[in-house]
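Report on the structure given below.
There are 4 protein chains.
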Amino acid sequence: MATQGRVKVGIIGSQFEADIHAASFQIMPDEAEVVAVASPTPGHAKALAERYKIPRVFTDYRQMLEENDIEMVTITAPNALHCQMTVDIANAGKHVVCEKPLCMTLEEADLMIETCRRKGVLLMYAEELYFTPKYVKAKEMVDQGAFGRVYLVKQSEKHFGPHAEWFWDVSKSGGGVFMDMGCHGIAFCWWFLGRPEIKNVYCQMGTYVHGDRTKGEDNSVCIIEFANDAIGLIEDSWARRGGMEDRIEVYGEGGVTHADLHMGNALPTYSEYGYGYAVEKAPTTKGWTWPVFEELWNYGFPQEMHHFARCVRGKEEPQATGEDGRVVQQVLYAGYQSAGTGRKIALPFKPQGVKAPIELWQNPRT
Amino acid sequence: MATQGRVKVGIIGSQFEADIHAASFQIMPDEAEVVAVASPTPGHAKALAERYKIPRVFTDYRQMLEENDIEMVTITAPNALHCQMTVDIANAGKHVVCEKPLCMTLEEADLMIETCRRKGVLLMYAEELYFTPKYVKAKEMVDQGAFGRVYLVKQSEKHFGPHAEWFWDVSKSGGGVFMDMGCHGIAFCWWFLGRPEIKNVYCQMGTYVHGDRTKGEDNSVCIIEFANDAIGLIEDSWARRGGMEDRIEVYGEGGVTHADLHMGNALPTYSEYGYGYAVEKAPTTKGWTWPVFEELWNYGFPQEMHHFARCVRGKEEPQATGEDGRVVQQVLYAGYQSAGTGRKIALPFKPQGVKAPIELWQNPRT
Amino acid sequence: MATQGRVKVGIIGSQFEADIHAASFQIMPDEAEVVAVASPTPGHAKALAERYKIPRVFTDYRQMLEENDIEMVTITAPNALHCQMTVDIANAGKHVVCEKPLCMTLEEADLMIETCRRKGVLLMYAEELYFTPKYVKAKEMVDQGAFGRVYLVKQSEKHFGPHAEWFWDVSKSGGGVFMDMGCHGIAFCWWFLGRPEIKNVYCQMGTYVHGDRTKGEDNSVCIIEFANDAIGLIEDSWARRGGMEDRIEVYGEGGVTHADLHMGNALPTYSEYGYGYAVEKAPTTKGWTWPVFEELWNYGFPQEMHHFARCVRGKEEPQATGEDGRVVQQVLYAGYQSAGTGRKIALPFKPQGVKAPIELWQNPRT
Amino acid sequence: MATQGRVKVGIIGSQFEADIHAASFQIMPDEAEVVAVASPTPGHAKALAERYKIPRVFTDYRQMLEENDIEMVTITAPNALHCQMTVDIANAGKHVVCEKPLCMTLEEADLMIETCRRKGVLLMYAEELYFTPKYVKAKEMVDQGAFGRVYLVKQSEKHFGPHAEWFWDVSKSGGGVFMDMGCHGIAFCWWFLGRPEIKNVYCQMGTYVHGDRTKGEDNSVCIIEFANDAIGLIEDSWARRGGMEDRIEVYGEGGVTHADLHMGNALPTYSEYGYGYAVEKAPTTKGWTWPVFEELWNYGFPQEMHHFARCVRGKEEPQATGEDGRVVQQVLYAGYQSAGTGRKIALPFKPQGVKAPIELWQNPRT
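In order, the protein sequence lines correspond to chains A, B, C and D. Straight run, no breaks: the first sequence in our numbering ends on number 781. Straight run, no breaks: the second sequence in our numbering ends on number 781. Straight run, no breaks: the third sequence in our numbering ends on number 781. Straight run, no breaks: the fourth sequence in our numbering ends on number 781.
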């Protein structure tokens with residue numbers, strides 16, 4: 416493979432997240448270019464390819480993996496497919512970028528990490544909150560001592576339900592909103608506090624609004640106690656009306672800071688007539704709305720993909736790895752087990768034979 | 416006692432809360448007037464009396480209770496004294512307004528309720544959040560169907576530590592910030608949701624910042640599951656820098672609303688020189704600050720005292736009673752037990768022999 | 416007339432402002448009570464009387480003035496009627512509260528002031544911004560030296576057009592939004608700065624949106640230069656979508672403060688279903704809205720009427736008088752003249768023969 | 416010169432704005448690279464060069480212009496030098512990026528435009544507000560019809576005074592805050608409204624706080640009437656405490672939008688200890704502050720320089736040109752003349768013999 420020039424990228428998937436990946440590489444084009452896309456549904460990959468001028472299109476990602484010049488492949492498929500795809504990509508000798516959550520089970524996580532290690536490719540975990548500019552600023556202030564010792568970090572992500580059908584089917588997703596978006600908050604708090612040991616996890620969840628559509632939880636509250644005597648409080652919801660919410664709060668003995676990616680950045684706007692686009696999952700553009708500007712950049716997606724491409728060239732060390740994804744996976748296990756038992760669950764927690772984390776909610780292990 | 420005219424009120428205490436009571440009756444003067452104040456420290460009651468032109472001053476509240484014309488007495492003394500004072504006031508045939516939390520133990524709560532019932536006087540529980548105008552507006556919108564079924568209510572109250580020394584001494588206070596301010600959030604969520612049965616309580620707490628001053632917790636996170644399939648999330652802190660925070664969030668299947676009593680009402684202000692007063696527990700009036708206006712009115716204290724006076728005259732039914740305080744007390748027990756065991760605690764939960772709720776944190780009952 | 420007890424009040428009018436007056440006396444009932452209402456349209460006064468339990472109803476206000484026990488009469492009729500009503504009330508020996516703007520012409524203002532002076536009754540000018548709690552807090556901070564010398568004060572008031580038809584007819588109103596709401600900003604800046612001499616006035620205005628409904632301006636920007644080397648910047652609009660706006664900004668050499676009565680106090684709220692009431696002139700209660708709480712109190716109406724009643728009893732000195740209204744009237748003249756000539760107009764400016772201030776816009780005096 | 420590859424850039428200057436240019440090219444590196452910097456003060460250019468790894472350093476910019484490979488030169492020197500530098504750069508056959516305001520006089524503007532035209536180089540005017548992402552979003556919504564016809568646009572920029580001494584000396588700057596920052600607002604409103612004909616200008620200004628340091632105005636309010644029946648309201652100040660303010664408001668018959676680049680994007684933060692950097696011109700990092708994230712990107716500087724580099728390669732058409740700067744210059748003239756006469760000044764307004772725009776304030780032309 417090349418040792419210089421722009422990294423050649425293939426994308427698996429053609430929907431919401433695949434679009435974000437393609438757009439992100441276009442926003443920061445100096446380190447990478449997307450040369451191929453693969454998606455099984457006829458026409459889908461082609462549509463994405465046309466939108467972003469991607470030259471090669473495949474319906475079977477395995478065929479795409481045979482292209483010699485592709486150096487890095489990003490996975491945006493449903494959670495249940497992450498492991499097999501990662502293994503296939505690694506076996507093809509290409510670097511892997513895997514969307515969150517890493518996979519379904521801890522065994523899968525181990526297999527993914529081990530396979531990539533063995534094949535000498537990078538397994539990069541696409542947690543964009545590590546790159547969100549506003550959140551990065553909060554971490555910089557912490558690192559500069561602004562707040563002294565931090566004892567509480569909060570992260571929440573809420574909207575009125577996911578954009579694709581497979582999220583509602585827990586056999587494909589592995590769980591509801593805690594799996595889908597709680598994984599962000601878990602990764603965030605852990606990273607933000609400097610990756611301390613995790614002592615235990617408590618989680619409360621329920622299906623409050625969408626019981627007719629899913630067996631998955633649509634609201635969750637999770638408390639993590641870390642070994643450095645700090646806690647994380649993570650709230651997620653598919654039952655929040657009025658658009659997206661993505662917020663953090665940081666409390667230290669010497670100060671506080673808050674960041675809100677939506678209402679906190681947007682232009683308060685009233686329109687009788689509507690307009691083009693407000694923000695991901697906005698219900699309307701009429702009346703009062705909170706349009707964001709440069710949405711992907713403010714989430715950190717282009718910066719994240721830019722970083723991953725530079726890692727492939729050896730210019731940077733991966734800041735979000737398969738190991739991070741595995742830590743998150745174990746907290747997901749513990750969270751569902753906690754919701755099922757009403758107790759906080761100490762880590763390490765590695766029950767055998769789990770197929771989907773959500774099982775531990777309805778049938779907790781003893 | 417009189418059946419018309421302004422209700423004659425005596426206040427027990429002379430510090431922070433006593434001042435709030437005296438000021439509140441002055442802000443809404445048409446239903447009540449403060450005629451006496453009692454406080455054991457020589458000079459303290461006199462100072463309050465001069466500030467508010469209160470004619471009669473006592474160092475022993477029992478002497479004040481011998482004044483025949485006094486119809487209602489408000490208690491602002493430390494928590495450990497609430498029960499005895501209530502019993503004494505009731506035995507003197509006067510109506511009782513008791514500051515939060517109601518008392519130390521469930522046995523005390525029962526005694527207070529029973530004594531007042533037997534003596535035919537009202538036991539009114541001073542939970543001002545029931546009267547906070549901004550929060551009342553949120554409840555009105557809920558009652559008008561704005562949000563459909565509500566599944567999550569949050570309340571938080573945070574600052575950098577209490578104003579009086581006795582709060583730090585758990586033998587006088589019964590507990591730390593969960594006892595001091597968590598009682599507000601518990602009462603609020605329960606009232607806001609229409610007083611549903613409480614199923615269980617989970618609480619996480621720690622002494623993160625003030626371990627040199629207190630054995631009490633200085634930060635707590637509490638999750639309550641209600642029988643109507645809604646949850647309450649209550650956060651309290653004595654470790655929050657930058658001034659007061661008092662906020663709610665309401666989530667229903669059909670909408671959301673937020674209210675913030677401080678930053679959400681205040682005038683964003685920058686001053687090189689400082690000025691008279693910003694807000695309770697503000698660290699400074701220089702630099703950027705968030706001064707409130709008509710602070711007591713925006714908390715609801717005058718409206719609360721006005722309501723209690725009208726209850727004495729039979730014009731209204733008490734909206735906050737000893738029974739409310741007892742419900743809160745049981746949740747406080749369950750919260751400390753939960754923090755001590757790492758489990759959610761089902762209600763009813765009535766352990767015997769508790770002297771201070773905080774005991775259940777370090778020595779949970781089996 | 417009585418020298419003690421609650422002041423007996425009569426209201427002229429039965430619509431928007433009359434309702435505010437009646438409600439205000441009810442919110443702060445200890446100093447006054449409304450005993451009569453007069454309105455020419457059959458049924459209107461009766462409806463208001465029923466809503467607020469007002470015992471006496473008149474269709475001719477002159478008849479109401481014959482009631483001996485009435486001590487104070489408030490005028491909420493169209494601007495063109497203010498002068499005659501004031502003269503009639505004064506001649507009946509009763510104190511006058513006149514809504515803003517004071518009248519149509521400077522000659523009327525002089526007659527109103529002179530008549531009240533001669534008859535020994537108070538002429539009180541209903542500028543509620545002098546009593547708006549949030550704005551009063553800003554003034555207190557100024558008076559405490561928070562910002563050093565203030566060089567710029569801004570006030571704006573905007574919505575999408577008035578609630579009653581007569582406002583659109585400049586023969587009844589005397590002008591458009593500058594007359595209707597600019598009078599607030601003029602009075603506010605002058606009062607806020609300590610009533611300094613006014614040097615000159617510049618005003619820009621136009622009919623930008625409602626040209627099919629009115630000859631009056633629907634948007635205005637006004638700059639006032641004061642003798643104490645400070646300026647006022649006043650913006651008003653009947654062309655602002657999305658609900659009410661009422662804001663101030665204060666700039667001193669030592670600091671700044673901002674206050675917003677609507678978005679700055681409200682509960683950010685999203686509702687799929689709607690609810691009872693959001694705020695004056697809100698277009699809807701569905702979607703994102705900004706409901707206020709205790710609207711009248713936050714504007715200062717009850718405090719204003721309470722103050723006026725106490726003035727009648729000699730307990731306070733009127734803070735808003737006919738003289739204030741006359742100052743505003745002269746600035747209204749100068750503003751329209753400025754808009755007509757494109758020049759700043761020095762005060763004093765007392766053109767003869769003006770019938771309605773807006774005349775000076777289309778036909779400025781030379 | 417090259418027809419492909421990254422555009423080679425030289426920077427004139429080494430201080431505040433030069434740093435912004437160097438950093439901007441580094442943030443978006445795919446179209447340009449800075450290869451040289453020139454600054455007369457020994458050591459200054461070298462320091463910048465080291466910070467940004469710029470290989471070539473000059474004390475005389477004329478020497479830098481002899482470097483054959485440099486294709487584009489950016490000017491960050493004091494206003495009085497812009498014209499001569501532009502002429503020299505153009506004569507060297509290189510493209511020009513000139514910081515705002517374009518120059519001192521209309522004659523200079525004409526010379527600059529004509530010289531660049533004659534030499535076949537681009538004269539690009541560095542008005543970054545055309546590229547500010549949040550403001551661009553507002554314009555997109557307007558262009559999509561969100562607000563119908565826009566009748567009022569506001570822009571304000573305020574802080575407590577400029578960072579370099581030469582701004583205070585009107586012989587070098589040509590004027591005070593209206594010249595320094597009003598030029599942004601003038602360009603913004605004109606561009607935002609689609610570059611309509613400008614009918615007239617009114618301006619009020621004074622030296623309210625910094626009279627001991629400058630003869631220039633430190634506060635200005637400017638009203639522009641456009642031929643499309645819209646107005647611009649522009650406020651600027653060097654007398655605003657508490658940090659930077661850069662805001663817009665847009666009012667159309669069908670809606671409104673607001674954008675605030677500082678408080679509206681920042682993380683509300685309280686720190687006892689302080690931290691690295693809050694925002695341009697922030698007075699402190701202790702207490703409550705409003706740190707921005709990715710400051711340059713949120714202003715639009717990297718996007719602006721990226722655009723200019725692409726223009727050099729013929730990939731885009733310049734969106735901000737010398738002609739834009741000349742329009743601004745004429746409004747600056749009119750504004751000072753207006754402040755001097757108290758009248759609105761009709762355009763075109765081209766007085767002869769002006770040396771610095773501010774002359775027209777103290778000695779307006781007849």
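Glycine residues also receive a C-beta, built at the ideal position from the N, C-alpha and C atoms. All values reported here derive from a predicted model rather than from experimental measurement.
For the alpha helix (DSSP H) containing residue i, list its first residue and its last residue.
{"i": "C:R741", "result": "737-756"}
{"i": "D:F723", "result": "716-727"}
{"i": "B:I435", "result": "431-442"}
{"i": "B:A524", "result": "521-534"}
{"i": "B:L775", "result": "774-777"}
Output needed for residue i: all residues of its chain with C-beta closer than 6 Å, excluding positions within five of it in sequence on either side, in chain order.
{"i": "B:I469", "result": "V449, V452"}
{"i": "D:Y690", "result": "T700"}
Using CA coordinates, which residue listed in the options is at the minimum distance from residue i?
{"i": "B:A495", "options": "B:M443, B:D595, B:R662", "result": "B:D595"}
{"i": "D:G669", "options": "D:D558, D:K573, D:K587, D:D651", "result": "D:D558"}
{"i": "D:H673", "options": "D:S753, D:H510, D:Q570", "result": "D:Q570"}
{"i": "D:G591", "options": "D:F607, D:H574, D:E522", "result": "D:H574"}
{"i": "D:M720", "options": "D:K730, D:F431, D:E446", "result": "D:E446"}
Looking at the unbroken beta strand (DSSP E) that takes in residue i, where does it start and where does it end?
{"i": "B:Q419", "result": "No beta strand (DSSP E) holds B:Q419; DSSP gives it neither H nor E."}
{"i": "D:F641", "result": "634-641"}
{"i": "A:L538", "result": "538-541"}
{"i": "D:A453", "result": "447-453"}
Check residue i in the structure and name its three-state DSSP category.
{"i": "A:E555", "result": "helix"}
{"i": "D:W653", "result": "coil"}
{"i": "D:V707", "result": "coil"}
{"i": "A:N506", "result": "helix"}
{"i": "C:S570", "result": "Correcting the residue identity first, residue 570 of chain C is Gln in this sequence and not Ser. C:Q570: strand per DSSP, three-state reduction."}
{"i": "C:S588", "result": "helix"}
{"i": "D:T474", "result": "coil"}
{"i": "B:M594", "result": "helix"}
{"i": "A:Q619", "result": "strand"}
{"i": "D:E465", "result": "helix"}
{"i": "B:K549", "result": "helix"}
On the criterion of 16 or more Cβ atoms from any shown chain inside 10 Å, does residue i qualify as buried, or is it exposed?
{"i": "A:H722", "result": "buried"}
{"i": "A:R655", "result": "buried"}
{"i": "B:E481", "result": "exposed"}
{"i": "A:T418", "result": "exposed"}
{"i": "C:E514", "result": "buried"}
Apart from the five residues just before and just after residue i, which ones in its own chain have a Cβ nearer than 7 Å to its Cβ?
{"i": "D:P706", "result": "A681, L682, T684, A693, V694"}
{"i": "A:I504", "result": "L480, V488, V511"}
{"i": "A:D739", "result": "Y540, E542, A602"}
Can you give me the Cβ contacts of residue i inside the same chain, cut-off strictly under 8 Å, excluding the 5 residues immediately before and after it?
{"i": "C:A437", "result": "I426, V449, V452, L463, R466, Y467, I469"}
{"i": "C:P457", "result": "T474"}
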